[in-house]
Every structure is written in C-alpha cells, then in structure tokens.
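Trainee: Just dropping this structure here.
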Amino acid sequence: MTHNQFLESLVSPKTGEPLKVADNGLSLTAPDGTIYPVLDSGIVDMVHPRELFEDDAREQYLYDQAYQRYDRGVSWVFETLNHSDEAATREFMIGLMGLKPGQTVLEVGAGTGKDSALIIDQISPGGTAVLSDLSPNMLRLATQKLQPKDVDVHFFLGNGSYLPFADGTFDSVFHFGGINTFSERKKAFAELTRVVKVGGKVVIGDESMAPWLRNQPTYEILWKANPLFRAEIPYEDLPATVENFKLHYIFGNCFYVMEYTVAAKAPEIDVELPIPGKDFIDNWRIRAEGSSK
Numbered sequence: 023m024t025h026n027q028f029l030e031s032l033v034s035p036k037t038g039e040p041l042k043v044a045d046n047g048l049s050l051t052a053p054d055g056t057i058y059p060v061l062d063s064g065i066v067d068m069v070h071p072r073e074l075f076e077d078d079a080r081e082q083y084l085y086d087q088a089y090q091r092y093d094r095g096v097s098w099v100f101e102t103l104n105h106s107d108e109a110a111t112r113e114f115m116i117g118l119m120g121l122k123p124g125q126t127v128l129e130v131g132a133g134t135g136k137d138s139a140l141i142i143d144q145i146s147p148g149g150t151a152v153l154s155d156l157s158p159n160m161l162r163l164a165t166q167k168l169q170p171k172d173v174d175v176h177f178f179l180g181n182g183s184y185l186p187f188a189d190g191t192f193d194s195v196f197h198f199g200g201i202n203t204f205s206e207r208k209k210a211f212a213e214l215t216r217v218v219k220v221g222g223k224v225v226i227g228d229e230s231m232a233p234w235l236r237n238q239p240t241y242e243i244l245w246k247a248n249p250l251f252r253a254e255i256p257y258e259d260l261p262a263t264v265e266n267f268k269l270h271y272i273f274g275n276c277f278y279v280m281e282y283t284v285a286a287k288a289p290e291i292d293v294e295l296p297i298p299g300k301d302f303i304d305n306w307r308i309r310a311e312g313s314s315k
C-alpha cells in the first residue's frame, strides 16, 4: 500500500464517510468541511474530536512531554515487576495475534514503536503496518526508528475511540498500555473490533493487578503509587461479537492482556427451546417470568 493509497483508504473518524484527498496530498477534507492535515514525516492528523475531552487531552500532553524518557521508564517498570523480561513479554503479546507475512495490522497507541518493530518483523515481507498514537512527539520518534524495506508502514495521529477506517480493514489490531485512561472506553473497544475482519484477532491490555494479590503489602504500595494498578479488567466494555476470548496476566501479574477473535455476529440464545422434562413445556422464558414474581 503506497502512501497515496493509504490516504485514499481513510474515512471520516466522525461519520465514516469518504474523504477528499487534496491534489498536493497535504490534507484530506470531510463532507462536513473538516480538514485533516498531513504533517511532517507523512503523519496524518486524524484526531477526533478536534478538541479532545479533558482526560484525553491530559494524556496527550503528558506523553508529549515524556517521549524522550518514555522507553527508559517503561523498561524500569518491567524490571520492577518481578524482574520481567521485557523482550520476551513483548514477543508473547505480539505472538497472540498469530501474524503472518503479508498481513495488514493496526496498532493503536504505538508510542515510540517498540511493539511496532515486532509486528513489522512478523508481517514481513509484503505486509502493511498502520501505526497510530495520540501524542505527536511519540509518533514522530517512531517514524525515525521504523523504516523497514519490505513492509509498508503508515502513521496517523488518532483517537482510538474514533478510527478512520472502513469495517473489516485489518487482519489484526493491537493495543497495549492506554485503554484504562480512554474517555470513551466502551466505544474504543467497539472501534478496535469493528475495523478487524471476521475471524481476525484483537489483542488489548493495560494495568490491572490480579485480584488475589491486592492485599499483599508490596502490591498495596504499587497501587497507592499508581492507582491505575487498581483498575478492573473492562469485561463489560467488550462488544457482543467476541469469541474465543482468553485472558493472561503478565509481568508480576500487574497487567492483563486479552485476546479474542472477531465473530460475524453476536451469539444466539434460543430461550424458547423446550427444556427436556416430564411435559416438555418448560423453557428459559417461563422460568425467568416465574422467578420475577
């Protein structure tokens, strides 16, 4: 996928409508007049809403300030949490997608590109990696680090709750380390799932201390220092079209990673099917109505 083809594949993150690419390739315009500029290094600014919610704007600012020291800080977190092997942990997470050469993958929250590099390796040769982040400084750093020869890589600034792609665009989607702070988390899960092909994989993770450890003294220190460790796994935010769901706790059991396959439709439950018994009249609906009296 060339850069121009990537631009032509983008849709309005607000409405899903096609965008008009400027003749000079430096901007895209939505039917409602919203302009999405192409920045330096080919990064496309697809952020929506253009004025972010307060929590999202704060996270964008914090990451923009921390981009130069971010990698060092993350490596320190891995070392703190059970002296975890950072490289092996990242390999494990990316491995959950079961990627193959030639596939097309979206990473939301790519940061400086540490996980992106592993994705690129696994879809090489011939693959396409689309990498996004909400922080311009983080993404610029990633563009400098990631310049493969046999994989097409495209970058855009974006809000994970409003993705500028048609349904079923990608073979897999990956996000790790930010979903806890999303202002519209349920919508983000819906979007991350929507843009994956039926049968494709979604892998998402963030802080959430394992329940059986939360009363341990050292773990109590952790969640007092960083309240995000107390976050609950957001099962209730998952869309209905999830199947083959699996959950993993990783490094020090302080982070989770969930993986699932995208189904064509939500599962069907036949509440009218007679339950085998003496008279075969009973069914789930009759039992439910009886229990509510």
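Under this note's numbering, the sequence shown has 91 at position 69, and the numbering climbs by one with no breaks.
The beta carbon of each residue, even a glycine, is placed where N, CA and C say it ideally should be.
The structure displayed is predicted, hence computed values, not measured ones.
1. According to DSSP, is residue 304 helix, strand or coil?
2. Using a Cβ-Cβ cut-off of 8 Å (strictly less than) and excluding sequence neighbours within five positions of residue 139, which residues of its own chain qualify?
3. Give the DSSP-derived three-state secondary structure of residue 206 in the structure shown.
4. Evaluate the contact criterion for the segment 214–228 versus the segment 283–291: three or more CB pairs, one atom per stretch, below 8 Å.
5. If you measure between the beta carbons of residue 60 and residue 178, is that distance less than 7 Å?
6. Who are the Cβ neighbours of residue 293 in its own chain at under 7 Å, not counting the five residues just before and after it?
7. If you scan the segment 115–189 from start to end, which runs of the beta strand (DSSP E) of 3 or more residues do you find wholly inside it?
8. Measure how close the beta-carbons of residue 136 and residue 93 come, nearest whole angstrom, since I'm counting them as under 8 Å.
9. For residue 265, count neighbouring Cβ atoms within 10 angstroms of its own Cβ and tell me buried if that reaches 16, exposed if not.
10. Tell me where the beta strand (DSSP E) around residue 269 begins and ends.
11. Determine whether the beta carbon atoms of residue 70 and residue 42 lie at a separation below 7 Å.
12. Alpha carbons only, please: which of 27, 194, 88 is nearest the one belonging to residue 163?
13. What are the boundary residues of the beta strand (DSSP E) that residue 219 is part of?
14. Give the straight-line distance between the Cα atoms of residue 103 and residue 158, rounded to the nearest whole angstrom.
15. With a CB to CB cut of under 6 Å and the five nearest residues on each side skipped, what residues in its chain are close to residue 274?
16. Quick one: is residue 288 buried, meaning 16 or more other Cβ sit within 10 Å of its Cβ, or exposed?
17. Output needed for residue 170: all residues of its chain with C-beta closer than 6 Å, excluding positions within five of it in sequence on either side, in chain order.
18. Just list the beta strand (DSSP E) runs in the segment 56–81, keeping only unbroken ones of 3 residues or longer that don't cross its boundaries, in chain order.
Mentor: Straight from the coordinates:
1. coil
2. 167, 168
3. DSSP places residue 206 in coil when its eight states are reduced to three.
4. The answer is yes - the segment 283–291 touches the segment 214–228, with three or more Cβ pairs under 8 Å.
5. At least 7 Å separates the beta-carbon of residue 60 from that of residue 178.
6. 305, 306, 307
7. 126–130, 150–155, 174–179
8. 7 Å
9. exposed
10. 264–272
11. no
12. 88
13. It spans 218–229 - the beta strand (DSSP E) in which residue 219 sits, taken as one unbroken run.
14. Cα-Cα distance, rounded: 29 Å.
15. 103, 104
16. Looking at its Cβ environment, which holds fewer than 16 other Cβ atoms inside 10 Å, residue 288 is exposed.
17. 142
18. Counting only runs of 3 or more, we get 57–59.
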